[in-house]
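Participant:
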Amino acid sequence: MSWKDEIMRITVLTVPDCPNAPVIGERLARVLEGRGAEMALVEVRDAGQAERFGMTGSPTVLVDGVDPFAVPGAPSSLSCRLYRGPDGRVDGAPSVADLQRALDAADAGAIVEPVRAEDQGRSVFGNPVHRAEPSAGRGR
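Residues in the sequence shown are numbered consecutively from 86, following the working numbering.
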């Protein structure tokens, strides 16, 4: 079985009571409709967990352990995270269109590890990539 035959794993990392957790949940539900995917919400309660999971603010979305919206060099953080959309607007969660692009890139195998040193922090659609947990992928 190839990695494309396996189920995509979406993990949403949030701090307790994050006001954008319901927003990202609703947007992901729209994007995931009709896709085979597992989705998990993980509450991150301390800086050690944030660092271990690769959380750079709440909410952080991981697609098979990869943060397709990561900013190179951004430190782990329990703070609120802001996302800039293609129209330049800032929001507390990625737009439906940005989530769709991220999942399509993951389905196409465009977000993979290992990343060459000279390509560190880049994804196929211009946003940085961060591997949070090496074992969290689909065996690529």
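Backbone N, C-alpha and C define an ideal beta-carbon position, used for all residues, glycine too.
Contact check, N105 vs P160 under 8 Å by CB: the rounded distance?
Facilitator: Contact doesn't hold; Cβ gap of about 19 Å is too wide.
Participant: Who does R169 pair with in a DSSP beta bridge?
Facilitator: V175
Participant: Per DSSP, what kind of secondary structure is P199 in: helix, strand or coil?
Facilitator: Only weak support is given to the placement of P199: the predicted model assigns it a pLDDT of 31, under 50, and the question is left unresolved by the model.
Participant: Skipping 5 residues on each side, what residues in its chain have a beta carbon closer than 8 Å to that of R201?
Facilitator: Confidence is the limiting factor: at R201 the pLDDT is only 32, short of 50, which leaves the residue's position unreliable, though a coordinate-based value still follows. Result list for R201: empty, nothing under 8 Å.
Participant: Closest by CA to G40, which one among I92, V151, Q185 and M140?
Facilitator: No answer is possible for residue 40: it lies beyond the span of the chain, which begins at 86 and ends at 225.
Participant: When you compare the CB positions of L163 and V100, do they come within less than 8 Å of one another, or not?
Facilitator: yes
Participant: Which residues in the same chain as L98 place their Cβ atom closer than 6 Å to its Cβ, once the five residues preceding and following it in sequence are excluded?
Facilitator: V127, V129, F138, M140 and T145
Participant: L188: which of L113, D102 and C103 sits nearest, CA to CA?
Facilitator: L113
Participant: Distance check for V181 and R115, CA to CA, integer angstroms please.
Facilitator: 8 Å
Participant: Considering only residues of the same chain and omitting the five flanking positions on each side of L167, which have a CB-CB separation below 8 Å?
Facilitator: G142, V175, D176 and G177
Participant: Would you kindly report the start and end of the unbroken alpha helix (DSSP H) that includes I109?
Facilitator: A106 to L117
Participant: In whole angstroms, what separates the C-alpha of Q185 from that of G173?
Facilitator: Near 18 Å, if we compare the C-alpha coordinates of G173 and Q185.
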